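J.: Just passing along the structure, written as structure tokens.
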Ligand SMILES: C[S@@+](CC[C@H](N)C(=O)[O-])C[C@H]1O[C@@H](n2cnc3c(N)ncnc32)[C@H](O)[C@@H]1O
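Residue numbers (my numbering): 132 to 353.
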């Protein structure tokens with residue numbers, strides 16, 4: 132686990148309430164209708180990706196934070212386990228009735244297996260070496276022919292090497308800098324090539340802020 136990820140988790144430990152406020156600001160500023168459309172598009176990518184696992188598949192969400200993603204997956208019919216490693220997020224997930232587990236994907240090795248894993252907007256805080264460790268650890272908790280859905284941020288083809296400590300000015304201004312890593316498509320493909328995962332779907336999206344997202348569905352089938 133990198134110092135970058137550890138220090139970012141400390142920021143979340145202290146400022147989780149500000150993160151929740153950021154989500155509220157984002158919904159207010161974007162408007163309920165646009166927020167719902169955006170969520171629907173993201174969710175359809177997950178539902179489509181997990182489709183082959185069957186409607187009642189066991190899905191683990193890593194880095195659930197406020198639990199909006201886990202809730203959407205559960206409403207779709209999946210058997211969802213929400214998780215996070217930050218105390219304030221775990222408390223919130225419990226308050227929302229999501230029965231979370233405390234799970235740090237870089238250091239914990241839970242004795243359980245899942246059909247699918249979702250890590251959405253989580254690897255943004257991972258160095259390339261963290262990403263390699265995370266993929267290896269996730270592979271070990273997936274059942275055969277299981278499936279992982281994740282995304283990373285990008286700033287173009289050279290962005291495999293770009294990272295920064297930043298407290299964004301927008302809705303998610305927390306009051307402390309977090310570590311962000313930006314990946315190129317080829318950098319992520321290279322990392323995946325060195326694992327036992329196989330890419331089954333890839334999409335590129337541009338966000339309102341101008342930073343792009345690379346979305347992957349990968350299968351543990353070797
Ligand atoms: C930007 S938030 C995204 C939250 C949510 N998944 C979403 O889509 O809005 C990043 C999340 O990743 C979690 N996270 C960061 N590093 C982690 C790690 N090593 N293990 C598990 N979760 C981690 C944070 O606690 C936080 O909940």
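Built from N, CA and C at the ideal position, the CB exists for glycine as well. Just so it is clear, the structure is predicted and the values come from calculations on it, not from any experiment.
Please indicate yes or no: does the CB of residue 280 lie closer than 7 Å to some heavy atom of ligand 1?
T.: No, the beta carbon of residue 280 sits no closer than 7 Å to any heavy atom of ligand 1.
J.: Ends of the alpha helix (DSSP H) at residue 177?
T.: Where residue 177 is concerned, the enclosing alpha helix (DSSP H) stretches over 163–181.
J.: Considering only residues of the same chain and omitting the five flanking positions on each side of residue 227, which have a CB-CB separation below 6 Å?
T.: Around residue 227: 198.
J.: Compute the beta-carbon to beta-carbon distance between residue 348 and residue 180, rounded to the nearest angstrom, for a pair I have assumed lies under 8 Å.
T.: Correct: roughly 4 Å between the Cβ atoms.
J.: Excluding the 5 residues flanking residue 325 on each side, which residues of the same chain have their C-beta closer than 8 Å to its C-beta?
T.: Cβ neighbours of residue 325 beyond the five flanking positions: 263.
J.: Can you tell which of 259, 334, 278, 342 has the C-alpha that lies nearest to the C-alpha of residue 321?
T.: Among 259, 334, 278, 342, the Cα nearest to that of residue 321 belongs to 259.
J.: Opposite residue 350 in the DSSP bridges: which residues?
T.: Residue 350 pairs with 278, 329.
J.: Could I get the ranges of all uninterrupted beta strand (DSSP E) runs contained in the region 268–326, with 3 residues as the minimum, in chain order?
T.: Listed in chain order, they are 273–285, 293–297, 309–313.
J.: Roughly how far, in whole angstroms, is the beta-carbon of residue 209 from the beta-carbon of residue 188, given that I think they are within contact range, below 8 Å?
T.: With a Cβ gap of about 6 Å, residue 209 and residue 188 count as contacting.
J.: For residue 277, is the classification buried or exposed, using 16 other Cβ atoms within 10 angstroms of its Cβ as the cut-off for buried?
T.: With 16 or more other Cβ atoms within 10 Å, it is buried.
J.: Starting from residue 220, follow the alpha helix (DSSP H) in both directions and report where the run begins and ends.
T.: Note, residue 220: alpha helix (DSSP H), 218–226.
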